[in-house]
Amino acid sequence: MAEKKFETALARLEEIVSQLEQGDLPLEQSLKLFEEGVKLARLCTVRLEEAERKVEQLLKDKAGKLMKAPFEEEE
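Position one of the sequence shown corresponds to residue 1 (our numbering), numbered consecutively onward.
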C-alpha cells in the first residue's frame with residue numbers, strides 16, 4: 001500500500017465500514033474490504049502515534065521536561 005495521508009486513509013476506512021455495515025456484499029468481497037480496513041486502521045494508528053510524539057517534543061521545556069499544556073479544540 002502506498003503512503004497515504006491520515007485524512008485519506010480515514011475517509012476510505014469510513015467508506016469500508018459503511019459498505020460492510022450494509023451486509024449485502026458477497027463473503028469474498030467483505031473479507032477483502034475487511035483486510036483493507038484493518039490495514040488502514042493500523043496506518044491511522046501509526047500516524048496518530050507519530051503526531052502525538054511530535055506534539056510531546058514540541059511541549060518539552062529547555063531542560064527536556066515535558067510541560068503539560070491543554071489541547072484546545074477548534075470550534
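Beta carbons: idealized from backbone N, C-alpha and C, even for Gly.
Predicted model, so just to flag it, every value in this text is computed and none were measured.
- The alpha-carbon of Lys54 is positioned some 11 Å away from that of Arg47.
- Linking Asp24 to Lys62 through their CA atoms gives a straight-line distance of about 57 Å.
- Ranked by Cα distance from Glu7, the first of Lys60, Leu43 and Gly64 is Leu43.
- Among the bridge pairs identified by DSSP, Lys32 is matched with none.
- For Leu59, there is no enclosing alpha helix (DSSP H), since its DSSP letter is neither H nor E.
- Just so you know, the alpha carbons of Val38 and Arg12 end up roughly 11 Å apart.
- Taking Leu10 as reference, the option from Glu36, Leu58 and Ser30 with the minimal CA-CA separation is Glu36.
- Straight through space, the alpha carbons of Glu14 and Gln22 are spaced by roughly 13 Å.
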